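Undergrad:
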Amino acid sequence: MSLENTKVTVPESTAQIASTREIYQGRKVVAVLPAYNLEDSIAELVRKTKNYVDECIVVADGSKDKTGEAARSAGAIVPEPENVRGKGFAVRKGFREALRLNPDVVVLMDADGQHLPEEIPQLVEPIISEQVDMVVGSRMLGTLRTSTINKFGNWGLKIISFLVTWKWMTDTETGFRVFKPDKLSTLNLSSQGYEIESELLLKALHKGFKIKEVPITVPFAVPGVTVWDGFKVGWYKIKTGLMLKLGLEKA
Ligand SMILES: Nc1nc2c(ncn2[C@@H]2O[C@H](COP(=O)(O)OP(=O)(O)OP(=O)(O)O)[C@@H](O)[C@H]2O)c(=O)[nH]1
Ligand SMILES: [Mg+2]
6 MSLENTKVTV PESTAQIAST REIYQGRKVV AVLPAYNLED SIAELVRKTK
56 NYVDECIVVA DGSKDKTGEA ARSAGAIVPE PENVRGKGFA VRKGFREALR
106 LNPDVVVLMD ADGQHLPEEI PQLVEPIISE QVDMVVGSRM LGTLRTSTIN
156 KFGNWGLKII SFLVTWKWMT DTETGFRVFK PDKLSTLNLS SQGYEIESEL
206 LLKALHKGFK IKEVPITVPF AVPGVTVWDG FKVGWYKIKT GLMLKLGLEK
256 A
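Heads up: the sequence shown at position 163 corresponds to 168 in my numbering, and the numbers run straight through without jumps.
Structure (structure tokens):
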């Protein structure tokens with residue numbers, strides 16, 4: 006073998022990753038990824054995500070396949086999965102696990118490939134440089150790829166959110182969000198299913214979090230939520246929005 010062939014070259018992407026991470030200024034960034042039946046793709050996503058965070062927590066609860074094992078062997082922290090379904094349950098469990106690690110920043114990201122790990126730094130940046138409390142990855146400011154019915158549903162949910170909060174957000178249903186841990190830990194969260202996105206936003210707004218929206222790219226559509234899920238989320242927003250206003254629900 007010639008020396009030429011054994012020469013180690015640093016791939017440009019590695020150098021780029023290192024320079025992107027300079028944005029963190031040494032802060033500890035922990036990601037939480039709820040993952041349901043993703044055993045074929047989760048390892049690759051964990052490897053990519055670990056380029057941009059210090060720890061990657063995969064919550065595989067409810068999965069019928071080997072998502073947890075696959076994530077763990079790729080280097081993720083996987084809290085022992087329970088046989089409980091629901092994105093909200095998984096997200097809350099992931100947050101509890103993340104907060105135990107004393108992070109400076111907590112990233113919440115979908116694990117089905119619809120969120121790009123390489124976009125994590127641009128969502129973390131406002132937490133560090135602008136001292137905001139929560140960053141919301143907006144598919145409407147960036148690129149949204151989902152079914153027409155889901156796009157329609159997203160609009161409806163956005164309008165309901167506006168009516169109950171009187172604050173205009175371009176994307177109220179996104180699952181890509183970044184938090185300051187000391188703020189996140191004050192939220193009283195109890196959602197079991199897809200209402201978790203609404204609960205996080207309604208309660209953060211109610212508590213007066215400083216929030217910034219940043220464009221994100223959704224590279225492809227993956228069937229996830231159903232029309233029925235959309236109705237349940239809409240009803241949750243109306244109910245919780247009013248209860249928060251009347252002081253009957255703790256933010
Ligand atoms: N552990 C766990 N994760 C879940 C569960 N339900 C959804 N997830 C994960 O939560 C993330 C978002 O769920 P999706 O079903 O894709 O919902 P969505 O992206 O809001 O909906 P679409 O716009 O239709 O893709 C994905 O990473 C899922 O794997 C669940 O019951 N348990
Ligand atoms: Mg999805």
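Backbone N, C-alpha and C define an ideal beta-carbon position, used for all residues, glycine too. Treat the numbers as computed from the prediction; the structure is a model and nothing was measured.
(1) Taking contact to mean 3 or more Cβ pairs, one atom from each stretch, closer than 8 Å, check whether the segment 124-143 and the segment 19-28 are in contact.
(2) Verify the contact flag: D66, CB atom, against every heavy atom of ligand 2, threshold strictly below 7 Å.
(3) If you scan the segment 31-61 from start to end, which runs of the beta strand (DSSP E) of 3 or more residues do you find wholly inside it?
(4) Just to confirm my understanding: we take V227, look at its own chain, exclude 5 residues before and 5 after, and list those with CB closer than 7 Å. What are they?
(5) Is G229 near ligand 2, going by C-beta to nearest heavy atom under 7 Å?
(6) Could you pull out every residue in the same chain whose Cβ sits closer than 6 Å to the Cβ of L113, ignoring the five residues on either side in sequence?
(7) I'd like the span of the alpha helix (DSSP H) that includes T151, first residue to last.
(8) Can you give the Cα-Cα distance for K163 and D59, rounded to whole angstroms?
(9) Comparing the CB of D117 with every heavy atom of ligand 2, is any distance shorter than 7 Å?
(10) Given a cut-off of 8 Å, decide if C61 and I82 are closer than it, judged by their beta-carbon atoms.
(11) Buried or exposed: A75, going by 16 or more other Cβ atoms within 10 Å of its Cβ?
(12) Measure the Cβ-Cβ separation of S203 and K242 and say whether it is below 8 Å.
(13) Measure the CB-CB distance between K69 and N42 and report whether it falls below 8 Å.
(14) Find the nearest neighbour of T148 within the set R97, A20, V223, judged by alpha-carbon distance.
(15) Using only the alpha-carbon positions, how far apart do G31 and N56 sit?
(16) Would the C-beta of L241 count as close to ligand 1, meaning under 7 Å from any of its heavy atoms?
(17) Using the beta-carbon count (16 or more within 10 Å), is F167 buried or exposed?
(18) Do K172 and L192 count as a contact pair if the criterion is CB distance below 8 Å?
(19) Measuring only the C-alpha atoms, how far is D45 from L194?
(20) Which stretch, first to last residue, makes up the alpha helix (DSSP H) that contains V262?
(21) Just list the residues that DSSP pairs K208 with in beta bridges.
(22) Report the residue from K71, L249, K212 whose alpha carbon sits nearest the alpha carbon of E87.
TA: From the atom records:
(1) yes
(2) no
(3) With a minimum length of 3 residues, the continuous beta strand (DSSP E) runs that stay inside the segment 31-61 are 34-39.
(4) D117, G118, Q119
(5) Yes, ligand 2 has a heavy atom inside 7 Å of this Cβ.
(6) V37, R182
(7) Counting along the chain, T151 falls outside any alpha helix (DSSP H), and DSSP gives it neither H nor E.
(8) 33 Å
(9) Checking the 7 Å criterion, the Cβ of D117 is within range of a heavy atom belonging to ligand 2.
(10) Yes, they are a contact pair.
(11) With at least 16 other beta carbons inside 10 angstroms of its own, A75 counts as buried.
(12) yes
(13) Yes; because the gap between Cβ atoms is below 8 Å, this pair is in contact.
(14) V223
(15) Taking the straight line joining both Cα atoms gives about 14 Å.
(16) Position check: residue 241 holds Tyr in this sequence, whereas Leu was assumed. No - ligand 1 has no heavy atom lying nearer than 7 Å to the Cβ of Y241.
(17) exposed
(18) no
(19) 31 Å
(20) Within the shown structure, residues of the chain are numbered from 6 to 256, placing residue 262 beyond reach of any answer.
(21) K208 is not bridged to any residue.
(22) K71
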